[in-house]
Amino acid sequence: MKQKVITGLKILLKTAVAAALFLVTWHGLTPYFRVGRNTDGDLFRNLDPDSIDVLALGSSHMQYAFNPAVLYQETGYYGYVLGSSCQPFSTSYYLLEEALKTQHPSVVLIDVFTLLPGSQVCYADGMYYKAIDMMSGETRIEAGKHATDTLSSDLQLAYTYDFILNHDHWKDMDFSDPESILQNAEPVEGIHWDLGYVRQMPTVFQYTPVQYLEPDNPIALSEEEKQWIDKLIDLCKENEIHLIFLKTPYDMSQTDSNKLCSIWAYLEEKGADYIDYVRKAADQEIDWYLDMDGDTWHNNAWGAEIVTSDLGKYLVENQLVTNHQDDELFRSVAEGAVRSTAESLMNTTNLNVYTLISDSRVYPSTVLLRYRKEGNGLTDLLALSYLEKLGLNTDFSSDCYAVIQDGKVLSEGTEPFDYELNGHTISFSEDDITIDGTSGYGTGTMCLTFAADDFSWINPIPISYDQHSFWKDGCDSWSCSVQ
687 MKQKVITGLK
697 ILLKTAVAAA
707 LFLVTWHGLT
717 PYFRVGRNTD
727 GDLFRNLDPD
737 SIDVLALGSS
747 HMQYAFNPAV
757 LYQETGYYGY
767 VLGSSCQPFS
777 TSYYLLEEAL
787 KTQHPSVVLI
797 DVFTLLPGSQ
807 VCYADGMYYK
817 AIDMMSGETR
827 IEAGKHATDT
837 LSSDLQLAYT
847 YDFILNHDHW
857 KDMDFSDPES
867 ILQNAEPVEG
877 IHWDLGYVRQ
887 MPTVFQYTPV
897 QYLEPDNPIA
907 LSEEEKQWID
917 KLIDLCKENE
927 IHLIFLKTPY
937 DMSQTDSNKL
947 CSIWAYLEEK
957 GADYIDYVRK
967 AADQEIDWYL
977 DMDGDTWHNN
987 AWGAEIVTSD
997 LGKYLVENQL
1007 VTNHQDDELF
1017 RSVAEGAVRS
1027 TAESLMNTTN
1037 LNVYTLISDS
1047 RVYPSTVLLR
1057 YRKEGNGLTD
1067 LLALSYLEKL
1077 GLNTDFSSDC
1087 YAVIQDGKVL
1097 SEGTEPFDYE
1107 LNGHTISFSE
1117 DDITIDGTSG
1127 YGTGTMCLTF
1137 AADDFSWINP
1147 IPISYDQHSF
1157 WKDGCDSWSC
1167 SVQ
């Protein structure tokens, strides 16, 4: 009997040792099999600690709608988007925990799209893993274990210790280069140059207004959904962070409206802050329009500028950013993103003189003006009010030629002239503007040419203001004939 007990104990001990060795090996090998992993978390962790003022979390709705470059240019605040496609709402909690390891933002923004019925069309188990793959250490393990009750125990285990999930990746490994395999487990270097933002340009130029559908049969929040909202609220309170829930503009269905009203009601009950941008866009509180390329879910670069600008005003007016500190690395990345945003807003896809003039006062850009007086000259009050924003010293009762850069008039006159700017030669004539020997950048009775400061992009807008309605109020820019 004693011998049987001893034998049994030996078997148990060997089994335990084998299991322990297996688990340690399994856990230890896992990072090396993460070929093609989501490195967005690494790029986020490469930022200087405690440099972010505003952190945005959520699905692609947030990634496309919040542009940190706009926030920086208009407020000086540092923002970042830590999101992923179809990111489940529950994993935003763990991503916030992950972010708090290195950052302490004043404000956290969370988009609620993945609480809505419409988000189910993009749901797949892999969406949990895509978000979890941005995390590290214990946060990654906890997210795999507790992300949602809808995941099976097998999937939760696979996401926590993802060797089984990735074991087929051995086929993609170069075993003749062991160093490349070791690098799979190493954090990548670098910074996300758009600070987590996903840039999308419009391709179909037609205004499509947002319609707000009043709820007709409210859909209640589940207890699990309330739990994750509560956990986010509590985590932000513990860390003295102002939390704002929001819904970015999109083409909302009736069922989504029925659920969204319940979300807002619950947040009001909890005393939480929220902004409904679908209603704001529909009520024309913000001049917003759909993406215009058939994608009615995501904001394009112009829509993101409108949403982010409005958010920036809200943050400033309510003094919600309380611990901003200058950071050289973040500032340099933000300034690069601002230049990319200037191109997105002002390049040749945009024919709207009103927005172009306004944007030229905010974003780094060069404006060339060639105006030839005809008849009584330019008398349209709306046109004159916008041209005044350029800072010119003319009433357009005579010809005018001007070079404006970054909101400052560098040269202005009533006669054509040549001007050297940043190594480029600008030549005005009565009929055209030539840049570095290339003509055609300033035809028409009048021309406003918008360009990058280094002329890497150029957007000439020729205007025959006595022949068409380009300057008239209500003209939808590209629907107006450009001569």
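Numbered according to the numbering used here, the sequence shown spans residues 687 to 1169.
Backbone N, C-alpha and C fix where the C-beta goes; we use that ideal spot for every residue, glycine too.
query, result
"Is it the case that the segment 781-798 contacts the segment 1028-1039, given that we only count it when at least three CB pairs across the two stretches are under 8 Å?", "no"
"Okay, do the segment 1001-1019 and the segment 1038-1050 touch, 3+ Cβ pairs below 8 Å being the bar?", "no"
"Could you check what DSSP says for Ile1149 in three-state terms: helix, strand or coil?", "strand"
"Pair every Cβ in the segment 900-907 with every Cβ in the segment 761-768, then say whether three or more of these pairs are closer than 8 Å.", "no"
"I believe Tyr766 touches Phe730 by the beta-carbon criterion, under 8 Å. Please report the beta-carbon distance rounded to the nearest angstrom.", "7 Å"
"Could you have a look at His984 and say whether DSSP puts it in helix, strand or coil?", "coil"
"Measuring only the C-alpha atoms, how far is Ser771 from Ala817?", "8 Å"
"Shortest alpha-carbon distance to Asn1009 belongs to which of Glu926, Gly1022 and Val884?", "Glu926"
"Given a cut-off of 9 Å, decide if Ala1020 and Ala755 are closer than it, judged by their beta-carbon atoms.", "yes"
"Measure the alpha-carbon distance for Pro735 versus Tyr1000 and round it to whole angstroms.", "25 Å"
"Starting from Arg731, trace the alpha helix (DSSP H) in both directions and tell me its first and last residue.", "Asp726 to Arg731"
"Ordered along the chain, which non-local residues of its own chain (more than five positions away) have a Cβ less than 7 Å from that of Glu1116?", "Arg1058 and Pro1102"
"Run through DSSP, which three-state label would Thr1065 get?", "coil"
"Going straight from the alpha carbon of Met821 to that of Asn986, what length do you get?", "28 Å"
"Between the C-alpha atoms of Asp1159 and Leu1068, what's the straight-line distance to the nearest angstrom?", "For Asp1159, the predicted model reports a pLDDT of 46, less than 50, meaning its position is unreliable; a value from the coordinates is still stated below. Distance between the alpha carbons of Asp1159 and Leu1068: 7 Å."
"To the nearest angstrom, how far is it from the Cα of Leu795 to the Cα of Gln749?", "11 Å"
"Which runs of the alpha helix (DSSP H) fall wholly inside the segment 873-954 and span at least 4 residues, in chain order?", "909-924"
"Rounded to whole angstroms, what's the CA-CA distance from Ala1138 to Ser995? Just pull it up for me.", "21 Å"
"Here's a check: name, in chain order, each residue in its chain whose Cβ is nearer than 6 Å to the Cβ of Trp983, leaving out the five neighbours to either side.", "Tyr936"
"Which runs of the beta strand (DSSP E) spanning at least 3 residues fall entirely within the segment 735-783, listed in chain order?", "740-744 and 765-769"
"Could you check what DSSP says for Tyr1000 in three-state terms: helix, strand or coil?", "helix"
"Can you tell me the Cα-Cα spacing of Ala785 and Ser778, whole angstroms?", "10 Å"
"From Gly989 to Val896, what distance separates their C-alpha atoms?", "12 Å"
"Just reading off the alpha helix (DSSP H) that Ala1028 is part of, what are its end residues?", "Glu1014 to Met1032"
"Where do the ends of the alpha helix (DSSP H) carrying Arg965 lie?", "Tyr963 to Ala968"
"Grouping DSSP H, G and I as helix and E and B as strand, with all else coil, what is Phe799?", "helix"
"Quick one: grab the DSSP three-state call for Lys831.", "helix"
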